[in-house]
Every structure is written in C-alpha cells, then in structure tokens.
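Presented below is the structure to which this report refers.
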Amino acid sequence: MKDLVKEFTKGIIKENPTFVLALGLCPTLAVSVSVINGIGMGAAATFVLLGSSVIISLVRNFIPGKIRIPCFIVIIATFVTITELCLKAYSPVLNRALGIYVPLIVVNCIVLGRAEAFACKNNLWRSFFDGLGMGVGFTLALILISAIREFLGSGQILGRTLIKGFEPVFVFGMPSGALLVIGLLLGFFNLLKNRRS
551 MKDLVKEFTK GIIKENPTFV LALGLCPTLA VSVSVINGIG MGAAATFVLL
601 GSSVIISLVR NFIPGKIRIP CFIVIIATFV TITELCLKAY SPVLNRALGI
651 YVPLIVVNCI VLGRAEAFAC KNNLWRSFFD GLGMGVGFTL ALILISAIRE
701 FLGSGQILGR TLIKGFEPVF VFGMPSGALL VIGLLLGFFN LLKNRRS
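Be aware that the sequence shown starts at 551, since it is given in the numbering used here, and climbs by one per residue.
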C-alpha cells in the first residue's frame, strides 16, 4: 500500500507534469484563462490518463514491440473520444471553451509518456495510481495557473469579484500572460526544490 501511495504522490509533487517535467504546456497555456477551464481540462486529462494506463497495463504482454506506440495511441484515442462525446453531451459550453485541446490529449506528452514509460512496464494497480497521481498533479497545476491568471486578468475567480476596485492587468488573459505565470511558478518551485536539497 505504501508503494501505491508513493506512485500517486510522485505525480503531484516530485514528478508534477507541469512544474517539474514541463509536459502538457500547450493546453496549459491555452485553456488556463479561467479556473473552470482548468478544472475541465484537468478532469478530461485525468480520465484519459487513468483509462489508458489501466488498459495498457492489462494488454501490455499481448502487444508486439514493433507496434507498441500505435496501439497506445489507439487506446488513448478511444478514451479521448469518450471524453469529448461526454463533454459535448453534458457540458457544451465547457467543450467550446476547451476547443481543439481536448482532441489533442491523444498526443499529449503526459499521456503518451506515462503509457510508454510506466503503464507498459507495471501492473494494474501501480499504473492506476501513477495515472491518477499524474492527472491530479496536472489538474492542480492548471487550477493554480488559472486562478492566478483569472484573478490578475479579470479581477475575478469563478465569476466572483474578490477585491472591490481591483484594476485587472489584461495581459494575464492573453497567452503571453500564461507564459509569464508559468515561468514565475516554475522558478518558484525550482527555488523551493533547491532549498530542500
């Protein structure tokens, strides 16, 4: 059980996809303009990570090495299609906000990287907790970036004004603002990591 907890927590802290591995930055830059978008994208990526990690760990011994990556992509694409259809059916507004970035989860480095580096080499439970940890770590990173950008860019979080009379800095609502926030957060987390060492 201790081993499974370690697999889960490494995706949140030690191997956080956004702040440590610097993976999945394209959707992070694009959808992190609001906390709702960050939660939606994080949930979609977590579902795909979980589903694909579990299936890949179950069928890993049956997939020939030469066609391993194409098989992984088909499995991942299946879960992405399920995610996209559910978003279209139950949350069309969020689906429009996330746009092309949901279908692009198929080639997201986080998902494909975990399939190749972990799920195809480990059992079901380890793969499950690894996928869950990576998904939660990605979601938390998106929420943090989105909250900073939404507050600084519009003066609100989740549609609520936090500080009356706050003058928003509109650059944070643009892609350049996302780069600035991510860069500062990466620097902050690297500073914390170096102080612990």
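Note that CB positions come from ideal geometry on N, CA and C, so glycine has one too.
Sequence-distant residues of the same chain with beta carbon closer than 6 angstroms to residue i, five excluded per side
i: residue 629; result: 598, 601 and 602
Proximal residues to residue i (C-beta, below 8 angstroms), its chain only, five neighbours per side dropped
i: residue 693; result: 585, 588, 589 and 592
i: residue 652; result: 591, 594, 630, 633, 634, 637 and 645
i: residue 677; result: 603, 604, 606, 607, 668 and 669
Cβ distance (whole Å) where residue i is taken to contact residue j below 8 angstroms
i: residue 670; j: residue 610; result: 5 angstroms
i: residue 687; j: residue 577; result: Incorrect: roughly 14 angstroms between the Cβ atoms, too far for contact.
i: residue 583; j: residue 699; result: 6 angstroms
Through-space distance from residue j to residue i, alpha-carbon basis
i: residue 657; j: residue 712; result: 37 angstroms
i: residue 717; j: residue 705; result: 7 angstroms
i: residue 612; j: residue 672; result: 14 angstroms
i: residue 650; j: residue 620; result: 21 angstroms
i: residue 709; j: residue 616; result: 50 angstroms
i: residue 554; j: residue 720; result: 43 angstroms
i: residue 733; j: residue 575; result: 11 angstroms
i: residue 745; j: residue 641; result: 43 angstroms
i: residue 596; j: residue 666; result: 17 angstroms
Three-state secondary structure assigned by DSSP to residue i
i: residue 613; result: coil
i: residue 631; result: helix
i: residue 563; result: coil
i: residue 713; result: coil
i: residue 620; result: helix
i: residue 596; result: helix
i: residue 728; result: helix
i: residue 584; result: coil
Per DSSP, the bridge partner or partners of residue i
i: residue 707; result: 710
7 angstroms Cβ shell around residue i - same chain, five flanking residues per side excluded
i: residue 684; result: 561, 567, 599, 660 and 664
i: residue 571; result: 565
i: residue 625; result: 602, 605 and 606
i: residue 675; result: 554
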